[in-house]
Amino acid sequence: MAGRTGEKDDWWVSIPKIELHAHLNGSIRDSTLLELAKSLGEKGSIVFADVEHAILKDDRTLTEVFKLFELIHIVTTDHNILTRITKEVVEDFAAENVVYLELRTTPKKNASIGMSKPSYMEGVIEGLRAVNAVEVALAPHCLGKKGKPFNSGCVCGTPRKRIYIGLLLSIDRRETTASAMETVELALQMRDMGVVGIDLSGNPTVGEWCTFLPALDFARKNGLRITLHCGEVPNLDEIQAMLDFVPERIGHACCFGEEEWKKLLELKIPVEICLTSNIRTETISSIDVHHFVDLYKAEHPIILCTDDAGVFSTSLSSEYILAASTFGLGKQKMLQLAEKAIEFTFADEEVKEELRQIFDSAARTARRDDLMRKEEE
Ligand code: IMP
Ligand code: ZN
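Each residue of the sequence shown is one higher than the one before, counting from 324 in the numbering used here.
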């Protein structure tokens, strides 16, 4: 999250970046999660002392991460809280110069508070409208009047930075086919609210690929783009089936066998790489053996992402710093990597063109700064 990098890391914060794999509830600020958990503790809904340790703990296995999500969902599944979290998450990404954000979340139901999947998403949309630190533009450019921000709070007379947002609706692997289909139908109804695609996520040891396939087929037939969490555990049959589906992107690709690796490279499916997440959940044993380096060398399409900036105490700038220092990549190379992500967004051509201009300008500034530094030396 913004502010997690030090002063010497200003350059990494200052460059434009694209975030394509961020879960809304996983990106919650630690301070917000603690505050909300304390307040539920005071109301007697949870025992705060029991959950404090889980929230403050830094290293979690994949199983522990999903336990923490159960707690997070108890705390956050409320319309007003969703609105607050969405606003904070967007402002945190914008503060570290994320210029395009694809934010994903799992629409949830909770009859006891009158929450349906559509009303859950209304809470999220309200959060986008509530952003006031930056101008919010929805990714499909055809939406709204050109040049008119989606959010209202304006800083009179002062032009604000802009962040483009595309929403992805996630299907949780615990869901049934009917429930997954309901999410896809909601996504289709929300295309004019910035929804650009569907994600499949949740505990990778739960659920079967064939349960979700009908909903994913339906989504694709109706023009939604698809990204799948793929290969977080070594379920080779599932990985093969997912690759055969040829999604527009996949997340992680950690536990691939040789055959799956070959297929991935042939199909050139872009991979969302989440370094800190993979290390913290022990999906990859150590950063120096991370497949980032093989994919990078093979010139395979990759995008650096955070996954869950709050849960894993990271930020997109920190992920860039980590990749650069671990794999010995210079600033120019990293800026090029950031720029390449434009082509793997689910945005339309008009938004992509605007992003290209932002990156061209950043590259010019970086070259000029480089020249000036060399002249001073
Ligand atoms: P939400 O969809 O906004 O509630 O974000 C949290 C949800 O994202 C979790 O409950 C999981 O379903 C999913 N998620 C977050 N991180 C991971 C991951 O590393 N692997 C698979 N699913 C994840
Ligand atoms: Zn994820």
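Where is the CB? At the ideal position from N, CA and C, for every residue including glycine.
Counting along the chain, THR399 sits inside the alpha helix (DSSP H) bounded by residues 385 to 399. Taking the C-beta atoms as reference points, GLY349 is found no nearer than 8 Å to GLY525. In the DSSP assignment, ILE448 falls within the unbroken alpha helix (DSSP H) covering 440 to 453. Short of 6 Å from the beta carbon of PHE615, and not among the five residues preceding or following it, lie these beta carbons of its own chain, in chain order: ILE596. Apart from sequence neighbours up to five positions away, the residues of its chain that approach ILE562 with a beta-carbon distance below 7 Å are CYS553, GLY554, PHE579 and GLU583, ordered along the chain. Comparing alpha carbon positions, the residue from MET695, VAL556 and LEU658 closest to ASP683 is LEU658. Judged by DSSP secondary structure, ASP333 falls within the alpha helix (DSSP H) whose first and last residues are 333 to 337. Taking C-beta atoms as the reference points, LEU639 and THR629 count as a pair closer than 8 Å.
A straight-line Cα-Cα distance of about 22 Å links GLU677 and ALA345. The continuous stretches of beta strand (DSSP E) do not include THR409, which lies in the alpha helix (DSSP H) extending over residues 402 to 418.
CA-to-CA, the gap between ILE494 and ASP693 works out to about 45 Å. Using a cutoff of 7 Å, the CB of SER524 counts as near the ligand ZN, since one of the ligand's heavy atoms is closer than that.
Shown here, SER638 sits in coil according to DSSP, grouped into three states, outside any helix or strand.
Cβ-Cβ separation between GLY546 and ALA670: approximately 14 Å, too far for a contact (criterion under 8 Å).
With fewer than three CB-CB distances shorter than 8 Å, the segment 494 to 505 does not count as touching the segment 449 to 464. Between PRO430 and VAL519, the beta carbon gap of about 15 Å keeps them out of contact (Cβ cut-off 8 Å). In the DSSP assignment, ILE521 is bridged to LEU492 and ILE549. Taking 7 Å as the cut-off, one finds no heavy atom of the ligand IMP near enough to the beta carbon of ASN558.
Across the structure, LYS620 and SER439 are spaced so that their CA atoms are roughly 46 Å apart. Annotated three-state conformation of THR534 is helix, per DSSP. Within the same chain, Cβ atoms closer than 6 Å to the Cβ of ILE592 are found at ILE573, the five residues on either side in sequence being excluded.
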